[in-house]
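Sequences listed follow chains A and B, in order.
So for the first sequence, UniProt numbering puts the first residue at 1; every next one is plus one.
So for the second sequence, UniProt numbering puts the first residue at 1; every next one is plus one.
Okay, so here's the structure we're looking at.
There are 2 protein chains.
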Amino acid sequence: MRDGWAIRHKALPDGRRQVVNFVLPGDIIGFYCNLFETADHGVTTLTSVEVASFAPDRIFELFKRFPRLAAALAWSGAKEEAIIAERLLSVGRRTALERTAHLIVELLKRLSLVGLADGGRFILPVTQEILADALGLSIVHINRTLRRLRDIGLIEVAGQQITVNDDKQLSSVGQFDELYLHLIRAPKRLEHALDQAPDRSRAMP
Amino acid sequence: MRDGWAIRHKALPDGRRQVVNFVLPGDIIGFYCNLFETADHGVTTLTSVEVASFAPDRIFELFKRFPRLAAALAWSGAKEEAIIAERLLSVGRRTALERTAHLIVELLKRLSLVGLADGGRFILPVTQEILADALGLSIVHINRTLRRLRDIGLIEVAGQQITVNDDKQLSSVGQFDELYLHLIRAPKRLEHALDQAPDRSRAMP
DNA sequence: CGTATTGTTGAGTGAGATCAAAACCAGTGG
DNA sequence: CCACTGGTTTTGATCTCACTCAACAATACG
């Protein structure tokens, strides 16, 4: 995903839906689905998007010829899993207020990383229905929860623009611990090991 | 994990806990954590376990020299993610009864795959507290929910042994769709592509 | 301007939480 | 052999957070 927003989501036969994760610029999506026979979730764009696609066939070639890239992709996949696991913790054990605060901080951090959040302010191209489906809440309750966050002055909402006024306190409300985002990029050990091992691959494609 | 049960779990500072997934025989665990600087979840054994460990350092060598194995591990990681995403759907959008039914069917299927469930019967070495933490419910409510499942005759419980009497109906209650387990092993395409691409690696270590 | 979609607020309800207390079931140690 | 302990399961009673239903406002759209 080069630019734009999307969501990965799963649904039950009767229409109930769960947003698994938000796909932000810089994220990799649907990579391993090439290894599966069937898709187990859907993807919906929230804005117009710009993607860099990778020919499914070449995924195997990739593992053969570009082990370094393959490792990086595996790393990316592990990060994705960590994010989903944290969301599971949210939905399973955090209250509505905590969940909502946590998600806002998470999005803020992730967007900051790719330069899409400036001074705690970012664009959230998302309806409250989608927020509800991401957090396992009803639309009405998301609405009230956002209002509470506004009332205590932690955030401000103007259309799709969200401003986080006090990210320290918002993080605290959401019991946010950025550990799981694994913001430290590929560890040095990885770089070293890859550089030392005999390698016939060139640069990345 | 060669033999035994374990859980992967995350916790909040105040003690609330979420079980992310159950680690069953045949599962791979903590593999990519070598790629991270910090662990973002804990692992607890539920029984005595037998594991086959892999030297963390060699993970990089593996990507270099055994691309086929690397791809298989990536595939395994993707399956893990799919399971967690399905649990997220459960916790976010299914009722207590549905969740519980779904989990039981999931465990039954996964255990069957490795020959640990016989005729809908398997050992569940797990307290109700752990079930509660896996499903985002209270202990008391898990207890009542299990009782309901017993009362309708869908399952039987004798100590740690669980018997699924009517897996069709239990699947239906849990809206279980085994798609997400990706039971079909590595697709033929993968095999083909790996065999065709130029390869200097031997057999797996 | 109608029509849809989304956001907002009020009122009443309910699924699941919390609190409390028994019952049960290994150990385990006297 | 029995009392005692700590963990787990079970059940009852009460409470509450979040859901549902319903209506209306705001905004966007063709």
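No residue lacks a Cβ here, since even glycine has one placed at the ideal position from N, Cα and C.
query, result
"Helix, strand or coil at residue 204 of chain A according to DSSP, with G and I counted as helix", "Low per-residue confidence applies at residue 204 of chain A: pLDDT is 37, beneath 50, and the placement is therefore not dependable enough to give any value."
"Selected residue, minimal CA-CA separation from residue 18 of chain B, among B:159, B:138, B:148, B:36", "B:138"
"At least three beta-carbon pairs within less than 8 Å, the region 26-38 of chain B to the region 143-160 of chain B", "no"
"Members of the region 150-164 of chain B that neighbour chain A once the beta carbon cut-off is set at 8 Å", "none"
"Cβ pair residue 9 of chain B, residue 23 of chain B closer than 8 Å", "no"
"Identified DSSP bridge partners for residue 155 of chain B", "B:164"
"Cβ separation of residue 91 of chain A and residue 99 of chain A, assumed to be a contact under 8 Å, to the nearest whole Å", "7 Å"
"Residue 44 of chain B at chain A interface by Cβ criterion, 8 Å", "no"
"Cβ contact check for the region 115-132 of chain A and the region 121-141 of chain B: 3 or more pairs under 8 Å", "no"
"C-beta contact flag for residue 47 of chain B and residue 7 of chain B at 8 Å", "no"
"Proximity test, Cβ basis, 8 Å: residue 38 of chain B and chain A", "yes"
"Cβ-based contacts, 9 Å cut-off: residues of the region 119-144 of chain B near chain A", "133, 134, 135, 136, 137"
"Contact belief for residue 163 of chain B with residue 120 of chain B at Cβ below 8 Å, rounded distance in angstroms", "6 Å"
"CB contact check: residue 113 of chain A to chain B, cutoff 8 Å", "no"
"Chain A contact for residue 84 of chain B (CB, 8 Å cutoff)", "yes"
"The region 84-110 of chain B: positions lying closer than 8 Å to chain A by Cβ", "84, 85, 86, 87, 88, 89, 91, 92, 93, 94"
"Residue 67 of chain B classed as buried or exposed, judged by whether at least 16 other C-beta atoms fall within 10 angstroms", "buried"
"Residue from A:108, A:80, A:2 whose Cα sits closest to the Cα of residue 52 of chain A", "A:2"
"Residue 70 of chain B burial status per 10 Å Cβ neighbour count (16 or more: buried)", "buried"
"Within-8 Å CB hit, residue 55 of chain A to chain B", "no"
"Residue 28 of chain A at chain B interface by Cβ criterion, 8 Å", "no"
"Sequence-distant residues of its chain with Cβ nearer than 6 Å to residue 156 of chain A (five each side left out)", "163"
"Unbroken beta strand (DSSP E) run spanning residue 6 of chain B, endpoints", "6-11"
"Of the residues B:112, B:82, B:103, the one placed nearest residue 182 of chain B, counting alpha carbons only", "B:82"
"Simplified DSSP assignment, three categories, for residue 83 of chain B", "helix"
"Identified DSSP bridge partners for residue 44 of chain A", "A:7"
"Reduced DSSP category for residue 121 of chain B - H, G, I as helix; E, B as strand; rest coil", "strand"
"Strand pairing of residue 22 of chain B, partner residues [DSSP]", "B:7"
"Cβ of residue 63 of chain B within 8 Å of any chain A Cβ", "yes"
"Minimum Cβ-Cβ distance from residue 117 of chain A to chain B less than 8 Å", "no"
"Within-8 Å CB hit, residue 169 of chain A to chain B", "no"
"Three-state secondary structure (DSSP) of residue 37 of chain B", "coil"
"Contacts that residue 20 of chain A makes with chain B (C-beta to C-beta distance below 7 Å)", "85, 88"
"Against chain B: residues of the region 175-186 of chain A by CB proximity under 8 Å", "175, 179, 180, 182, 184, 186"
"Residue 16 of chain B, DSSP secondary structure in three states", "coil"
"Three-state secondary structure (DSSP) of residue 2 of chain A", "coil"
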